[in-house]
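Chemist: Here the protein sequences come in this chain order: S and V. Numbered per the working numbering, the first sequence spans residues 51 to 227. Numbered per the working numbering, the second sequence spans residues 226 to 440. The beta carbon of each residue, even a glycine, is placed where N, CA and C say it ideally should be.
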Amino acid sequence: MAEMEVKSGGGHKKGPGVKKGKKLSTRVDLTPMVDLGFLLITFFIFTTTMSQPTSMNLAMPKDTDKPDEINKVKESGSLTLMLGKGNTIYYYFGNDPATMQTTGYKDLRKIILDKKKITPADDLFIIIKPDKDATYKNAVDVLDEMSINVINRYAMVDPTADEYSKIQATEKASGIQ
Amino acid sequence: MGRAKIKRGSTNVDMTAMCDVAFLLLSFFILTTKFKPEEAIEVIPPSSVSSKAATDKDAFKVSINKDGQVFIDMSEEMRGDVIKELAKERNLTFSPEDVKYFEQATFVGGPISQLNQFDRLNSEQIKATKLSGIPVDSANNELQAWISAAVQANLGTKINFYIKGDNSSKFPAFKAVIDAFKKNDIYKYNLVTNAEDVPEGTELYRKNILGEMGK
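#1: Do we get a CB-CB distance below 9 angstroms when we pair residue 105 (chain S) with the residues of chain V?
#2: On the CB-based measure, 16 or more other CB atoms within 10 Å of its CB, does residue 302 (chain V) come out buried or exposed?
#3: At a CB distance below 8 angstroms, what residues from the region 68-98 of chain S approach chain V? Give them in sequence order.
#4: Could you check what DSSP says for residue 80 (chain S) in three-state terms: helix, strand or coil?
#5: Which of the three DSSP states, helix, strand or coil, is assigned to residue 52 (chain S)?
#6: For residue 57 (chain S), count the other beta carbons within 10 Å of its own beta carbon; 16 or more makes it buried, fewer makes it exposed. Which is it?
#7: Anything in chain V within Cβ reach of residue 126 (chain S), meaning under 8 angstroms, just list it in chain order.
#8: Run through chain S and tell me which residues come within less than 7 angstroms of residue 243 (chain V), C-beta to C-beta.
#9: Could you tell me which of S:154, S:112 and S:184 sits nearest to residue 205 (chain S), measuring between CA atoms?
#10: Tell me where the alpha helix (DSSP H) around residue 188 (chain S) begins and ends.
#11: When DSSP builds the beta bridges, which residues end up paired with residue 420 (chain V)?
#12: For chain S, is any of its Cβ atoms less than 9 angstroms away from the one on residue 399 (chain V)?
#13: By how many angstroms is the C-alpha of residue 393 (chain V) removed from the C-alpha of residue 185 (chain S)?
#14: Based on Cα-Cα distance, which residue from V:304, V:238 and V:233 lies nearest to residue 375 (chain V)?
#15: Classify residue 96 (chain S): buried if its beta carbon has 16 or more other beta carbons within 10 angstroms, exposed otherwise.
#16: Kindly list, in the order they appear in chain B, the residues whose Cβ is closer than 7 angstroms to that of residue 356 (chain V).
#17: Could you list which residues in chain V have their beta carbon closer than 8 angstroms to that of residue 215 (chain S), in chain order?
#18: Classify residue 125 (chain S): buried if its beta carbon has 16 or more other beta carbons within 10 angstroms, exposed otherwise.
#19: Can you tell me the Cα-Cα spacing of residue 202 (chain S) and residue 360 (chain V), whole angstroms?
#20: Along the chain, where does the alpha helix (DSSP H) that runs through residue 341 (chain V) open and close?
#21: From residue 395 (chain V) to residue 402 (chain V), what distance separates their C-alpha atoms?
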């Protein structure tokens with residue numbers, strides 16, 4: 051609404067017969083314009099921050115055949131996470147795949163934290179084994195879980211043939227497609 | 226004697242100043258916004274709590290789409306050197322025209338044998354064609370050749386290796402990419418992800434808070 055400023059009363063009277071020069075105000079109501087301005091600002095603020103991709107560091111170990119270069123992991127401190135089909139995780143402590151248990155991504159943090167609590171910090175080692183059916187998201191989620199729970203020692207390796215067949219058998223038994 | 230007039234304050238506020246500020250900010254945001262370039266390959270990266278921003282400088286980016294196909298994309302300033310190096314390593318010849326087209330192409334979407342043909346496609350034609358991806362199998366690992374060319378062409382400068390994988394791509398595709406990097410003795414990569422908040426109450430959350438207080 052453009053407002054007109056009409057001077058009310060007062061002012062000097064012009065003589066009779068002299069036409070009143072109507073004075074239109076030049077003031078315009080800027081409220082809608084400001085509204086629009088701020089609307090666009092909010093739009094641009096949101097689009098700038100959202101499209102910024104982040105990156106996550108990943109360091110892989112060097113493949114080596116020399117036995118003295120292989121990192122030794124204490125059996126008491128190791129936790130192996132095998133990532134399978136359909137967002138399931140199979141995990142076991144130590145180096146006995148027979149004790150493998152099944153879990154999902156929601157309970158993973160609790161398992162890691164429980165293990166972390168009962169293990170000396172220097173002994174804790176998490177081995178991540180994504181199998182052929184795991185997705186890239188699964189792998190990144192687990193790596194992310196490592197940084198969320200501040201696990202400093204972890205490695206990503208392939209599951210052994212033995213472990214893979216065990217996962218396959220479990221998946222078949224529980225009907226995961 | 227007249228009554229004392231009660232002064233009526235106007236409710237109109239002068240909006241000019243506010244309008245000025247609003248549009249100043251608006252122009253600032255419009256100018257600083259960089260819209261995401263439309264990508265021919267559709268990749269939706271997973272999210273992570275990492276807050277390190279991905280840069281475009283000296284970047285060598287490997288993308289994996291949901292079908293497990295691999296594409297590469299690098300910063301413009303290194304493209305010319307990389308293709309010359311690749312030609313040297315593979316005993317190929319690229320005409321100056323080929324090099325020019327390669328520098329303008331947005332990414333590498335197929336085997337080296339089809340490179341020149343691919344570089345001449347415009348973005349609409351790229352969308353219409355079915356991309357074959359860069360071969361990463363062990364028999365013909367061209368990704369490895371590209372990485373090696375990039376490293377050789379940029380000796381002395383640090384290249385940032387980015388891997389951008391799609392959420393639903395299978396792990397073997399990612400592993401093939403990692404293997405190609407490992408063959409070139411590169412063990413450090415950046416995984417491109419979307420930012421996500423650190424879950425409250427976790428150890429990293431506490432660490433971040435302590436870190437901020439210590440500053």
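Modeler: Let me lay it out:
#1: If you number the first sequence from 1, residue 105 (chain S) lands on position 55. It does: the Cβ of residue 105 (chain S) has a partner Cβ on chain V nearer than 9 angstroms.
#2: Working through the second sequence from its first residue, we reach residue 302 (chain V) at position 77. By the 10 Å Cβ count, residue 302 (chain V) comes out exposed.
#3: 79, 80, 81, 83, 84, 87, 88, 90, 91, 94, 95, 97 and 98
#4: In the first sequence, residue 80 (chain S) corresponds to position 30, counting from 1. Correct three-state label for residue 80 (chain S): coil.
#5: If you number the first sequence from 1, residue 52 (chain S) lands on position 2. Note on residue 52 (chain S): pLDDT 49, under 50, position unreliable in the model; no value is reported.
#6: Start at 1 with the first residue of the first sequence, and residue 57 (chain S) comes out as number 7. With a pLDDT of 48 at residue 57 (chain S), under the threshold of 50, the predicted position of this residue should be treated as unreliable, and no value is reported.
#7: As a working note, residue 126 (chain S) is residue 76 in the first sequence. In chain order: nothing, as chain V lies at least about 21 angstroms away.
#8: As a first step, residue 243 (chain V) must be located in the second sequence, where it is residue number 18. Those within 7 angstroms of residue 243 (chain V) in chain S are 84.
#9: As a working mapping, residue 205 (chain S) is identified with position 155 in the first sequence. Taking only the C-alpha atoms, the option nearest residue 205 (chain S) is S:112.
#10: Here residue 188 (chain S) is taken as the residue at index 138 of the first sequence, counted from 1. Segment 186-198, the alpha helix (DSSP H) holding residue 188 (chain S).
#11: For this step, residue 420 (chain V) is matched to residue 195 along the second sequence. As computed with DSSP, residue 420 (chain V) is found in a beta bridge with V:273.
#12: On the second sequence, position 174 is the one that residue 399 (chain V) refers to. Interface residue, yes.
#13: The residue given as residue 185 (chain S) occupies position 135 in the first sequence. The residue given as residue 393 (chain V) occupies position 168 in the second sequence. Taking the straight line joining both Cα atoms gives about 6 angstroms.
#14: Your numbering for residue 375 (chain V) matches position 150 in the second sequence. It is V:304 whose Cα lies nearest to the Cα of residue 375 (chain V).
#15: Working through the first sequence from its first residue, we reach residue 96 (chain S) at position 46. Residue 96 (chain S) comes out exposed.
#16: In the structure shown, chain B does not exist; the protein chains are S and V.
#17: What you label residue 215 (chain S) is simply residue 165 of the first sequence in a count that begins at 1. Ordered by position in chain V, no residue passes the 8 angstroms Cβ test against residue 215 (chain S), which lies about 17 angstroms from the chain.
#18: To locate residue 125 (chain S), count along the first sequence from 1; it is residue 75. Exposed, by the Cβ-count rule.
#19: Taking the first sequence and counting its residues from 1, the one referred to as residue 202 (chain S) is at position 152. Taking the second sequence and counting its residues from 1, the one referred to as residue 360 (chain V) is at position 135. So the two alpha carbons sit approximately 34 angstroms from each other.
#20: Within the second sequence, residue 341 (chain V) is the residue found at index 116, counting from 1. In the DSSP assignment, residue 341 (chain V) falls within the unbroken alpha helix (DSSP H) covering 340-344.
#21: Working through the second sequence from its first residue, we reach residue 395 (chain V) at position 170. Working through the second sequence from its first residue, we reach residue 402 (chain V) at position 177. Computed Cα separation, rounded: 12 angstroms.
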